[in-house]
Amino acid sequence: RCRQRSAERLGMGCASLLWGWLLLICSWGLGPPGVGAAALSAATYVLDDIDGLGREFDGIGAISGGGATSRLLVNYQEPYRSQILDYLFKPNFGASLHILKVEIGGDGQSTDGTEPSHMHYENDENYFRGYEWWLMKEAKKRNPKIKLIGLPWTFPGWIGRGENWPYDYPDVTAYYIVSWILGAKQYHDLDIDYIGIWNERAFSSKYIKLLRYTLDKHSLQQVRIIASDRLWEPISFVLLLDSELHGVVDVIGAHYPGTKTVPNALLTKKKLWSSEDYSTFNDEVGAGCWARILNQNYVNGNMTSTIAWNLVASYYEELPFGRCALMTAKEPWSGHYKVEAPIWITAHTTQFTQPGWSYLQVDGHLEGGGSFVALTDGLGNLTIIIETMTHNHSQCIRPPLPHFSVTPQRATFYLKGSFYMVETLQVWHSRLGFESGNSSLFQQLHPIKVWKGSFSLDLNIDEVYTLTTLKIGRKCGCPEPPPPQPFPSNYKDDFNIRNPPFSEAPNFADQTGVFEYFVNASDPGDHVFTLRQVVVQRPITWASDADQTISLIGNFKWVNMTVTCDIYIEKQRDGGVFIAGRVDNGGIYVRRTQGVFFWVFADGTYRVTSDLAGEEILMKGLSGVRDNAWHTLTLNIQGPSASGLLNGYPLWENVTISKPSSGWAAIGTRSFEFAQFDNFHVE
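As numbered in mature numbering (1 follows the signal peptide of the UniProt record, and there is no 0), residues -37 to -1, 1 to 646 make up the sequence shown, in order.
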């Protein structure tokens, strides 16, 4: 109907408008070539602040975690690691993010791996585990104004006292979360701005109130609470019923809202955020999805912040949701990374706005399809972001996208109120080239002259425009990173590092349990520095963690391999460890992992199984292995056959392997138990 009306209007006033259009063409220029003027529908839009402004803008961000999505980033050598961080966080450089949201590690599987907790055990506190502290500091170093959010996906098992539930002892959970916030300040000088409840799981009103009380008791009044990082309901309804809860929740955060909100959420008068969104493969369609929701989350849903899962794809691509990130950096061994299209789509908004700006009160829908938003700093500056993404080129991974159509169109904007005196707008443009495969990303075009408070723009499909009074935009390009290379085919780690910069060894991707550098003070010399599995109680899970612990490494395409590792079982009687090859799964699917697993147990037996669960037994027997002693395991896989050595001597051989055909190498334990590994080698 919109298109029909605008076409009728165009027909009736065609003659009188013709000279006007010619004048516009002469004085302001058209968009990029290829848009036939005769085919354009036309419509006008008014930008005015005379009757006040819309909602306050809270910023665009991304998530590290949920989980282990930044795992490989920390292992990059300089200058490549700093270049990647610059593209993400440096103002007026690349994505220029306003918000960084991180997982509060809880020792459990949270999508692509586990992230370590600051409190593995009740009497344990360590604020240097993992890499989120480092990442927040790197973000702050580049942009001191960046907002920081913490959110747990999983919790250490001791918090539930044996139950898979964090709310039975809400004072314990509140203490645990507030400890993380206090530790961020005490050990890293990081001020956490917002804290969440429990990612995509149930919330407890009693716990949220107690969390606020505990924050205030520790003089953390400035930390705001987001709830409930799931759906708009039931949190919105409960806030309307419970005035005390309404008083302590600052932001309603919904996940993958499909650009829509619900009446109850609006009635709360709270800030509304899409606190996790996108999660889409980072090709041109992913960029189209991101461009569409960055605008339409506000236009359709009054959401003033949109946060992408995830920040950077720094995890093995064959894990779940490979490359569902703003950019890709999954090869620390080569230094290769890729600045994907979503980085430059982000820049269209982030480089020309700041949290604290306000949206203008506009409808925001373009008559030919697509959307626009307009924001101001209240000091005379104006930024307009326009997107014309077509349906098939902007589908996010979820939710399903109802059909709509977008056509080439001419948009005329009238600037009124305090914007009437604007004379020139800077222009930044992206065109996603699906048919041609030739995208033009974040290019600065000639400025537009505003004549008597108005200007026109010809819009093609699958484009993004930023029109702004600000002259600060920049598309920075570092030198090309090194070319991609597969994981080294001969890889060793003896873990001999006295003061490691991170708690985890490079390239190992923990999928259940947590494997950390360990100093074995009682060892006579050969095994002082080791890698130790340290989670000894099943965590409060978010996904289906395995009953065994496992850490992956290497190349998913590996077929033939020899894996060697020294192992040390700490758990008496029923302890056990494994080394493995051709491991085919991880992340949220870790329970169904298959491969070739060579197990030894503290009772002196061994097994060879084709699954992590240890149920599909290919061979078993006596090994003589015992706990609290070092042994060397070797697993050799060649074509359809595998063999195993213990301390250099054959223990079993000629076991037939039918599946999987390829996969990673891995180490792990029979249960949540202490065990150590040393002198790892895969070839």
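By construction, the Cβ of each residue, glycine as well, lies at the ideal position given by its N, Cα and C atoms.
Whole-angstrom distance between residue j and residue i, CA atom to CA atom
{"i": "residue 634", "j": "residue 575", "result": "11 Å"}
{"i": "residue 397", "j": "residue 247", "result": "7 Å"}
{"i": "residue 17", "j": "residue 215", "result": "18 Å"}
{"i": "residue 81", "j": "residue 41", "result": "27 Å"}
{"i": "residue 278", "j": "residue 6", "result": "46 Å"}
{"i": "residue 446", "j": "residue 274", "result": "22 Å"}
{"i": "residue 111", "j": "residue 243", "result": "23 Å"}
{"i": "residue 250", "j": "residue 270", "result": "14 Å"}
{"i": "residue 141", "j": "residue 459", "result": "34 Å"}
{"i": "residue 578", "j": "residue 513", "result": "16 Å"}
{"i": "residue 422", "j": "residue 394", "result": "10 Å"}
{"i": "residue -1", "j": "residue 362", "result": "Because residue -1 carries a pLDDT of 47, less than 50, the predicted location of this residue cannot be relied on, and the following value inherits that uncertainty. So the alpha carbons of these two residues sit roughly 35 Å apart."}
{"i": "residue 609", "j": "residue 618", "result": "16 Å"}
{"i": "residue 482", "j": "residue 467", "result": "13 Å"}
{"i": "residue 187", "j": "residue 366", "result": "37 Å"}
{"i": "residue 536", "j": "residue 588", "result": "11 Å"}
{"i": "residue 331", "j": "residue 8", "result": "12 Å"}
{"i": "residue 340", "j": "residue 267", "result": "15 Å"}
{"i": "residue 455", "j": "residue 449", "result": "15 Å"}
{"i": "residue 479", "j": "residue 496", "result": "6 Å"}
{"i": "residue 25", "j": "residue 144", "result": "19 Å"}
{"i": "residue 420", "j": "residue 316", "result": "21 Å"}
{"i": "residue 309", "j": "residue 241", "result": "12 Å"}
{"i": "residue 376", "j": "residue 407", "result": "20 Å"}
{"i": "residue 166", "j": "residue 582", "result": "47 Å"}
{"i": "residue 715", "j": "residue 530", "result": "This structure cannot settle anything about residue 715, because the visible part of the chain is limited to -37 through 646."}
{"i": "residue 603", "j": "residue 457", "result": "30 Å"}
{"i": "residue 3", "j": "residue 369", "result": "12 Å"}
Cβ-Cβ distance between residue i and residue j below 7 Å
{"i": "residue 524", "j": "residue 544", "result": "yes"}
{"i": "residue 517", "j": "residue 627", "result": "yes"}
{"i": "residue 473", "j": "residue 231", "result": "no"}
{"i": "residue 382", "j": "residue 10", "result": "yes"}
{"i": "residue 632", "j": "residue 71", "result": "no"}
{"i": "residue 133", "j": "residue 122", "result": "no"}
{"i": "residue 280", "j": "residue 293", "result": "yes"}
{"i": "residue 55", "j": "residue 435", "result": "yes"}
{"i": "residue 345", "j": "residue 429", "result": "no"}
{"i": "residue 253", "j": "residue 20", "result": "no"}
{"i": "residue 643", "j": "residue 607", "result": "no"}
{"i": "residue 546", "j": "residue 515", "result": "yes"}
{"i": "residue 493", "j": "residue 639", "result": "yes"}
{"i": "residue 559", "j": "residue 620", "result": "yes"}
For residue i, the first and last residue of its enclosing alpha helix (DSSP H)
{"i": "residue 252", "result": "247 to 262"}
{"i": "residue 310", "result": "304 to 313"}
{"i": "residue 133", "result": "133 to 151"}
{"i": "residue 481", "result": "It is not in any alpha helix (DSSP H) - residue 481 instead sits in the beta strand (DSSP E) that spans 478 to 482."}
{"i": "residue 352", "result": "Counting along the chain, residue 352 falls outside any alpha helix (DSSP H), and DSSP gives it neither H nor E."}
{"i": "residue 179", "result": "168 to 180"}
Limits of the unbroken beta strand (DSSP E) element including residue i
{"i": "residue 631", "result": "627 to 632"}
{"i": "residue 647", "result": "Any answer about residue 647 is impossible in this case: the structure gives the chain only from -37 up to 646."}
{"i": "residue 613", "result": "612 to 619"}
{"i": "residue 278", "result": "From DSSP, residue 278 is part of no beta strand (DSSP E); its letter is neither H nor E."}
{"i": "residue 290", "result": "290 to 294"}
For residue i, the nearest candidate out of the options (CA to CA)
{"i": "residue 590", "options": "579, 568, 519, 169", "result": "568"}
{"i": "residue 239", "options": "435, 97, 28, 298", "result": "28"}
{"i": "residue 171", "options": "370, 207, 197", "result": "207"}
{"i": "residue 255", "options": "335, 38, 324, 233", "result": "335"}
{"i": "residue 600", "options": "52, 610, 615", "result": "615"}
{"i": "residue 486", "options": "592, 415, 315, 542", "result": "592"}
{"i": "residue 218", "options": "637, 193, 137, 20", "result": "193"}
{"i": "residue 223", "options": "197, 262, 603", "result": "262"}
{"i": "residue 641", "options": "583, 44, 161, 542", "result": "542"}
{"i": "residue 245", "options": "197, 305, 551, 97", "result": "305"}
{"i": "residue 120", "options": "91, 89, 84, 131", "result": "84"}
{"i": "residue 221", "options": "416, 412, 357", "result": "357"}
{"i": "residue 385", "options": "359, 342, 400, 565", "result": "342"}
{"i": "residue 291", "options": "510, 153, 276", "result": "276"}
{"i": "residue 184", "options": "161, 534, 154, 205", "result": "154"}
Short CB-CB distance (under 7 Å) between residue i and chain D
{"i": "residue 152", "result": "Given the protein chain composition of this structure (a single chain), no chain D is represented."}
Inset, instruction - Please determine if the segment 87 to 105 and the segment 47 to 55 are in contact, where contact requires at least 3 C-beta pairs separated by less than 8 Å. - result: yes
Legend entry - Cβ contact (3+ pairs, closer than 8 Å) linking the segment 320 to 331 and the segment 58 to 66: no
Inset, instruction - Decide yes or no for the touch test of the segment 289 to 298 against the segment 441 to 457: beta carbon pairs closer than 8 Å, at least 3 of them. - result: yes
Legend entry - Contact the segment 350 to 360 vs the segment 416 to 432: 3+ CB pairs below 8 Å: yes
Legend entry - Validate contact between the segment 218 to 233 and the segment 281 to 290 using beta carbons, cut 8 Å, 3 pairs: no
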